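Residue numbers (this note's numbering): 2 to 295. Encoded as structure tokens, the structure appears first; notes follow it.
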Ligand SMILES: [Zn+2]
């Protein structure tokens, strides 16, 4: 069949048909029909098989089934003439599924794309088939070029008091089973629930910062130390663990815990504790990103 100098069959259907034909030859003893495979090939097939091949539209250029005729008393009148032309490839995309994950740390209704996902793409070999009834388009073969990956989108429920201050941040990975978001900050990987923009000032335990009755104790009774921060507890609840960096990258405060409060610390303001007054002065006031640790 490869000697007539034309294309080899390309479709799974054609290969199946040729296998069927080969099987027919071995079953010649019970063969009831014959059809001619253009132009040199003459093979046997049963009536049912001829009908099946015809129904499946398996023949295409150059394997054009030109004629089928009976070889026994069993009637067989299948005649198929199909011409396949304009064989070409088309890409077909199937949109990926989007998984929505609730986040208490985003405002109600706000969405944040964690992973854009990827559509499944198929390369489809198609052809026009000419029949006495006209031209129609058929698919010869399809091959999957790329596989779908789910898109993941965080959808805010606004349940956390911090949600109204949440900000966009860049997520390096996302664990769909636990909902944990990983962010890369300062070369380390942090597991976070979200992040908030805040305006940060600095203080120490001295009387300038804390007044004449400064005790070194926080509002929650802990001893103030580096990592202690003062918050508005109606916004950032006591006990919240954070990782704080300057938004412009000029300073890393690092791990912190919301343990203290202060008269001027309202809304999304935080006061960062330093061991010495000069360190606090050195920090001054900076816009910061406070990652809310999981
Ligand atoms: Zn001070």
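By construction, the Cβ of each residue, glycine as well, lies at the ideal position given by its N, Cα and C atoms. It should be emphasised that the depicted structure is a prediction, and the values quoted were computed from it without experimental measurement.
CB of residue i to nearest heavy atom of ligand 1: below 6 Å?
i: residue 205; result: yes
i: residue 278; result: yes
i: residue 315; result: Limits of the chain in this structure are 2 at one end and 295 at the other, which puts residue 315 out of reach.
i: residue 281; result: yes
In its own chain, which residues sit with a C-beta less than 7 Å from the C-beta of residue i, not counting the 5 before and 5 after it?
i: residue 106; result: 161, 163, 164, 167, 194, 195, 293
i: residue 239; result: 221, 259, 260
i: residue 109; result: 157, 158, 159
i: residue 224; result: 217, 218
i: residue 266; result: 231, 232, 233, 272
i: residue 148; result: 121
Going by CA-CA distance only, name the one from the options that's closest to residue i.
i: residue 241; options: 247, 248, 233; result: 233
i: residue 237; options: 218, 257, 286; result: 257
i: residue 295; options: 169, 183, 263, 154; result: 183
i: residue 291; options: 210, 224, 211, 200; result: 200
i: residue 153; options: 280, 197, 102, 270; result: 102
i: residue 202; options: 282, 110, 228; result: 282
i: residue 279; options: 210, 267, 220; result: 210
i: residue 113; options: 144, 169, 224; result: 169
i: residue 235; options: 90, 268, 264; result: 268
i: residue 198; options: 227, 243, 206; result: 243
i: residue 227; options: 212, 277, 192, 207; result: 277
i: residue 87; options: 130, 262, 264, 100; result: 130
i: residue 111; options: 214, 124, 159, 217; result: 159
i: residue 143; options: 126, 136, 134, 264; result: 126
i: residue 100; options: 175, 289, 135; result: 175
i: residue 251; options: 231, 192, 212, 289; result: 289
i: residue 231; options: 134, 264, 148; result: 264
Is residue i buried or exposed, if buried means 16 or more other CB atoms sit within 10 Å of its CB?
i: residue 204; result: buried
i: residue 141; result: buried
i: residue 229; result: buried
i: residue 249; result: exposed
i: residue 219; result: buried
i: residue 272; result: buried
i: residue 287; result: buried
i: residue 246; result: buried
i: residue 216; result: exposed
i: residue 262; result: buried
i: residue 207; result: exposed
i: residue 214; result: exposed
Considering only residues of the same chain and omitting the five flanking positions on each side of residue i, which have a CB-CB separation below 8 Å?
i: residue 150; result: 97, 116, 118, 119
i: residue 285; result: 202, 203
i: residue 172; result: 115, 182, 183, 184
i: residue 92; result: 122, 123, 124, 125, 146
i: residue 192; result: 181, 182, 183, 294, 295
Short of 6 Å in beta carbon distance, which residues of its chain neighbour residue i, apart from the five on each side in sequence? Order them along the chain.
i: residue 94; result: 120, 122
i: residue 190; result: 183
i: residue 104; result: 155, 157
i: residue 187; result: 253
i: residue 275; result: 203, 205, 281
i: residue 90; result: 124, 126
i: residue 270; result: 200
i: residue 136; result: 129
To test your reading of the DSSP string, which unbroken alpha helix (DSSP H) runs of 4 or more residues are found completely within the stretch 191 to 231? 208 to 211
Please specify which runs of the beta strand (DSSP E), each continuous and at least 3 residues long, are wholly inside the stretch 138 to 174, giving them in chain order. 152 to 157
If you scan the stretch 85 to 139 from start to end, which runs of the alpha helix (DSSP H) of 4 or more residues do you find wholly inside it? none
Could you tell me which uninterrupted alpha helix (DSSP H) segments, each at least 4 residues in length, are contained entirely in the stretch 246 to 287, listed from first to last along the chain? 278 to 284
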